[in-house]
Amino acid sequence: MKLQQPSVILALNGFILAIGSILYGTAVLKLPAILPLIMANIVACLIGKYLGYSWNELQQAMFEAIGRVLPAVFLLIAVGMLIGVWILSGTIPAMMYWGLTLLSPGIFLATTFILCVIASTMTGTSFGTMGTIGIALLGVGVTLGYPAPLIAGAIVSGAYFGDKMSPVSSSTYIAASLCEVELFSHIGSMLWTTLPAAGLATLLYGLIDSRYAGLAVTSDILLILESLARTYHLTVWTLLPPLILMGLAYRKYPAIPSVLAGVLVGAGVAWLGQQQSLTAITDVMVNGYAAKTGIRQLDVLLSRGGIQSMSSSILLLLTAISFGGILEKTQVLAVLTSRITAWADTTGRLVMAVLLAGYIMMLGTGSQMVSIILPGRAFMPVFLERKLARRVLSRTILFSLLLAYTGIAIWREDEQPIVNKK
1151 MKLQQPSVIL ALNGFILAIG SILYGTAVLK LPAILPLIMA NIVACLIGKY LGYSWNELQQ
1211 AMFEAIGRVL PAVFLLIAVG MLIGVWILSG TIPAMMYWGL TLLSPGIFLA TTFILCVIAS
1271 TMTGTSFGTM GTIGIALLGV GVTLGYPAPL IAGAIVSGAY FGDKMSPVSS STYIAASLCE
1331 VELFSHIGSM LWTTLPAAGL ATLLYGLIDS RYAGLAVTSD ILLILESLAR TYHLTVWTLL
1391 PPLILMGLAY RKYPAIPSVL AGVLVGAGVA WLGQQQSLTA ITDVMVNGYA AKTGIRQLDV
1451 LLSRGGIQSM SSSILLLLTA ISFGGILEKT QVLAVLTSRI TAWADTTGRL VMAVLLAGYI
1511 MMLGTGSQMV SIILPGRAFM PVFLERKLAR RVLSRTILFS LLLAYTGIAI WREDEQPIVN
1571 KK
């Protein structure tokens, strides 16, 4: 059968149908994201069959797309090991402990933002930061007399920093691999847009803090500090793993060996510094760490990591990238992108087009994974044709809207205080 190039109408309608299936499945039926993505793959395959592509051709397109993100898959596996080992070694708890000791009522909002930046950067999870340290800080701030919306804003913005910038965040790896950019080059590029925003946010929070100077800290944070100090041996050696990782990043070593080096150093600190057995260390690498601090929400933050914890992210990544691969093979993305790039005749307009495409994906699906992958693959040929740095594309696709029905936005002010015991 002769292959057809999709018309603009067919490409647009097919794209809307595929995206609509994701939106309906996630927002209406409340299904796990993987199932609507599989349905979107089926819709994309039907479009391909209509255009004359064989199943083998569509399957090959999926395999080729998956091959492009295999480095990200291996990095996610290594990161799962890293997070579990760093918690077991006391590295992440130590960062939390010393960060919380900096808490001061006169700079509460600014400190809250910085603490959430540290926690999310170290753990690579915005959810974990908001749902644990965030809850603790919310309770403390409300007790001090700060408005809850102000505190929530500082917590969410700080937590989202790590989700974009952390070398152990899945979205960071995916964006870099998708655009074929070296991980630390991508993170360096992100600094140009993220650091000024973070600096401005810290300054504004500090100015707001001046209105609340002279208030006293409650015992909530003291309870967290006591629990961390009781559970872990918090010495300067616990900072060795991140220092090694940052040193390797500075020397521009490849990401996978750097992360694995962080795993090995963390394992050494856990063995020598925390008196953990090799069996416990290897178990944490696979199954993750199970915290037993005596504080329920704190245990939630520290109970994570391990290879198995990355399985859902890997499945979502593979399913979403295969969806993009089919749309790319059938030229649906090319047809839609050509209409946009006709307007985006300058670099500024092109970046704006990428941003708008990501926003539309977020509005249509509520999925960060889809909003990263589809614009990334759609605009990659344009960036290559215009000889623009791919790291500009990789950092641009990580901007997304904070929507009411996306996972990052579902964070309520009425969560239970972190001091509720088991």
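My numbering numbers the first residue of the sequence shown as 1151 and each following residue consecutively. Just so it is clear, CB atoms sit at the ideal spot from N, CA and C, and this is done for glycine as well. A quick note: this is a predicted structure, and the numbers were derived from the prediction, not measured.
* Nearest neighbour of L1287, chosen from S1459, V1306 and L1153 [CA to CA] -> V1306
* Asked: In terms of residue numbering, what span does the alpha helix (DSSP H) encompassing A1573 cover?
  -> As displayed, the chain neither begins before 1151 nor continues past 1572, which places residue 1573 out of reach and without an answer.
* Among N1191, S1239, L1225 and I1188, which has the Cα closest to the Cα of T1432? -> S1239
* Does any residue of chain D bring its CB to less than 8 angstroms from the CB of I1457? -> No chain D appears in the structure shown, which is made up of a single protein chain.
* Can you list the alpha helix (DSSP H) stretches of 4 or more residues lying completely in the stretch 1435-1476, in chain order? -> 1446-1452
* Segments assigned alpha helix (DSSP H), at least 4 residues, entirely inside the stretch 1293-1330 -> 1298-1315 and 1320-1328
* alpha helix (DSSP H) runs wholly inside the stretch 1175-1251, at least 4 long, in chain order -> 1184-1200, 1205-1218, 1220-1238 and 1241-1250
* In angstroms, rounded to a whole number, what distance separates the CA positions of D1313 and M1272? -> 10 angstroms
* **Inter-residue Cα distance where the pair is L1162 and L1486** => 7 angstroms
* In its own chain, which residues sit with a C-beta less than 7 angstroms from the C-beta of V1415, not counting the 5 before and 5 after it? -> L1390, P1391 and I1394
* To do: Figure out for me which residue from I1192, Q1209, G1456 and I1337 has the closest Cα to the Cα of F1224.
  => G1456
* For A1222 versus Y1362, is the C-beta spacing smaller than 8 angstroms? -> no
* To do: Just tell me which of A1539, I1242 and N1206 has its CA closest to the CA of A1379.
  => I1242
* Asked: Which residue from L1167, V1386 and G1274 puts its Cα closest to that of Q1424?
  -> V1386
* Asked: Skipping 5 residues on each side, what residues in its chain have a beta carbon closer than 7 angstroms to that of D1474?
  -> According to the sequence provided, residue 1474 is Gly. The question's Asp does not apply to it. Contacts found: A1215, I1523, L1524 and R1527.
* Asked: For A1417, which of helix, strand or coil comes out of DSSP?
  -> helix
* **Closest Cα partner of A1347 within the set S1319, I1471, F1311 and Q1481** => F1311
* To do: Report, in whole angstroms, the separation of the C-beta atoms of I1301 and G1291, which I expect to be a contact under 8 angstroms.
  => 4 angstroms
* Are the Cβ atoms of Q1481 and P1186 separated by less than 8 angstroms? -> no
* For M1530, which option in S1327, L1208, A1244 and L1422 has the closest C-alpha, if you only look at C-alpha atoms? -> S1327
* Enclosing alpha helix (DSSP H) for A1347 [first to last residue] -> L1333 to D1359
* To do: Use the C-beta contact count for R1499: other C-beta atoms within 10 angstroms, 16 or more gives buried, fewer gives exposed.
  => exposed
* To do: With a threshold of 7 angstroms, establish whether the CB of A1503 neighbours any heavy atom of the ligand SAM.
  => The ligand content of the structure shown is nil, which means the ligand SAM is not present either.
* Asked: By Cβ distance below 7 angstroms, which residues in the same chain neighbour I1476 in space, the five residues on each side in sequence not counted?
  -> N1191, A1194, C1195, G1198, L1208, A1211 and M1212
* Asked: Are T1443 and T1381 closer than 8 angstroms when you measure CB to CB?
  -> yes
* To do: Quick one: residues in its chain with C-beta nearer than 6 angstroms to the C-beta of Q1154, no 5 flanking neighbours on either side, listed in chain order?
  => L1201 and G1202
* To do: Following the continuous alpha helix (DSSP H) through L1389, name the residue where it begins and the one where it ends.
  => Taken as a continuous stretch (DSSP letters only), L1389 belongs to no alpha helix (DSSP H), as it is neither H nor E.
* Measure the Cβ-Cβ separation of Y1355 and A1304 and say whether it is below 8 angstroms. => yes
* Asked: Using the C-alpha atoms, what's the distance from T1388 back to I1283?
  -> 20 angstroms
* Hey, out of L1468, G1234 and F1263, whose CA is closest to A1440's CA? -> G1234
* For L1232 versus V1436, is the C-beta distance shorter than 8 angstroms? -> no
* Residue interval of the alpha helix (DSSP H) (run including G1256) -> No alpha helix (DSSP H) contains G1256, which DSSP labels as neither H nor E.
* Asked: Between V1542 and S1427, what straight-line distance do the alpha-carbon atoms span, to the nearest angstrom?
  -> 44 angstroms
* Return the chain-ordered list of same chain residues with a C-beta closer than 8 angstroms to the C-beta of D1406, the five sequence neighbours on each side being excluded. => For the sequence presented, residue 1406 should be read as Ile rather than Asp. Hits under 8 angstroms: P1221, F1224, L1225 and A1228.
* CB-CB length for F1533 against R1540, believed under 8 angstroms -> 6 angstroms
* For I1374, which of helix, strand or coil comes out of DSSP? -> helix
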